[in-house]
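> Residue numbers for the sequence shown follow my numbering, so the first one is 93 and each next one is one higher.
One structure follows; several queries about it will come next.
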Amino acid sequence: MTTTASERSSALRELGLDGQNQATIGRLLATGNIGHAEEGDDGRMRARIRIVPDQLIWDPSVLVLPHGGHLDIEFVNDDQNTHCALVPSNGDSKWMWLPNYSRGTMSVTLDGPGYYWFSSNIGNDEGRGLIGAIVVRGDVPESARLDRPKQPRP
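What follows is the structure, encoded as structure tokens:
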């Protein structure tokens, strides 16, 4: 499921990404749609992200996961130029070559909640706007929390 540009403001508000210290995603990725990964019966989440022809944006540019876990992403390059996909996966990165009019599936694991950036790091793709974010919702387990004063929450 993706969100159209006209529904973007309310979607960012609903996700808690539109206030102070939470607006990074909403301000840096001002174009593109917001999508939600679908969880299968096997517990794996799945999503499709495509490169829009002649626009140098991912669609969706923000992918929301309901919780951490395994994610299978199908990348589709509908553009006339060659790009790639560089995606984090539990502290490491995975990379996929995306020649023009091609597609491929990448499996990543993002266990912790937070914001993870993905991009196409060839040529000047990142500088021209071909960046996106994966937002993993949820909370850090008690065993991983720091002993410090309560902090503002998004």
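Where a beta carbon is used, it is the ideal one built from N, C-alpha and C, also for glycine.
Report the three-state DSSP secondary structure of Ala-129 (helix, strand or coil).
Against the sequence shown, residue 129 aligns to sequence position 37. Reduced to three states, the DSSP call for Ala-129 is coil.
> So, with DSSP's three-state summary, where would you put Leu-155?
Here residue 155 is taken as the residue at index 63 of the sequence shown, counted from 1. Strand.
> To the nearest whole angstrom, what separates the beta carbons of Gly-224 and Val-154, a pair I think is in contact under 8 Å?
On the sequence shown, position 132 is the one that residue 224 refers to. On the sequence shown, position 62 is the one that residue 154 refers to. Right, the Cβ-Cβ distance comes to about 7 Å (below 8 Å), so this counts as a contact.
> Look at the alpha carbon of Arg-240 and the alpha carbon of Ser-181, and state the distance between them as a whole number of angstroms.
Counting from one through the sequence shown, the residue named residue 240 turns up at place 148. Counting from one through the sequence shown, the residue named residue 181 turns up at place 89. Approximately 28 Å, taken between the alpha carbons.
> Could you give the DSSP three-state label for Asn-235: helix, strand or coil?
In the sequence shown, the residue the question calls residue 235 occupies position 143. At residue 235 the sequence reads Ser, which differs from the Asn that was named. Helix at Ser-235.
> Taking only the alpha-carbon atoms, compute the straight-line gap between Asp-170 and Ile-143 and give it to the nearest angstrom.
Along the sequence shown, one-based indexing puts residue 170 at 78. Along the sequence shown, one-based indexing puts residue 143 at 51. So the two alpha carbons sit approximately 6 Å from each other.
> Look at the alpha carbon of Ile-165 and the alpha carbon of Asp-217, and state the distance between them as a whole number of angstroms.
The residue given as residue 165 occupies position 73 in the sequence shown. The residue given as residue 217 occupies position 125 in the sequence shown. Roughly 20 Å separates the two Cα atoms.
> Where does Ser-211 sit, in a helix, a strand or coil, going by DSSP?
Start at 1 with the first residue of the sequence shown, and residue 211 comes out as number 119. Three-state DSSP puts Ser-211 in a strand.
> Can you find the residues in the same chain that come closer than 7 Å, C-beta to C-beta, to Asp-192, ignoring five residues on each side of it along the sequence?
Here residue 192 is taken as the residue at index 100 of the sequence shown, counted from 1. Correcting the residue identity first, residue 192 is Asn in this sequence and not Asp. The answer, listed in chain order, is Asn-169, Asp-171, Gln-172, Asn-173, Thr-174.
> Give the secondary structure of Ala-218 by DSSP, where H, G and I count as helix, E and B as strand, and everything else as coil.
Looking up residue 218 in the sequence shown gives position 126. A quick correction: the sequence has Glu, not Ala, at residue 218. In the structure shown, Glu-218 sits in coil (DSSP, three-state: anything other than H, G, I, E or B).
> Closer than 9 Å, CB to CB, is Val-154 near chain B or not?
Chain labels in this structure do not include chain B; a single protein chain is all it has.
> Rounded to a whole number of angstroms, what is the C-alpha to C-alpha distance between Gln-243 and Asp-231?
Taking the sequence shown and counting its residues from 1, one reaches residue 243 at position 151. Taking the sequence shown and counting its residues from 1, one reaches residue 231 at position 139. Their backbone Cα atoms lie some 13 Å apart in a straight line.
> On the criterion of 16 or more Cβ atoms from any shown chain inside 10 Å, does Gly-219 qualify as buried, or is it exposed?
Taking the first residue of the sequence shown as 1, we reach residue 219 at position 127. Here Gly-219 is exposed. Its C-beta has fewer than 16 other C-beta atoms within 10 Å.
> For Pro-180, which beta-bridge partners are listed by DSSP?
Here residue 180 is taken as the residue at index 88 of the sequence shown, counted from 1. Bridge partners of Pro-180: Ser-185.
> Here's a check: name, in chain order, each residue in its chain whose Cβ is nearer than 6 Å to the Cβ of Val-156, leaving out the five neighbours to either side.
Taking the sequence shown and counting its residues from 1, one reaches residue 156 at position 64. Hits under 6 Å: His-128, Val-227.
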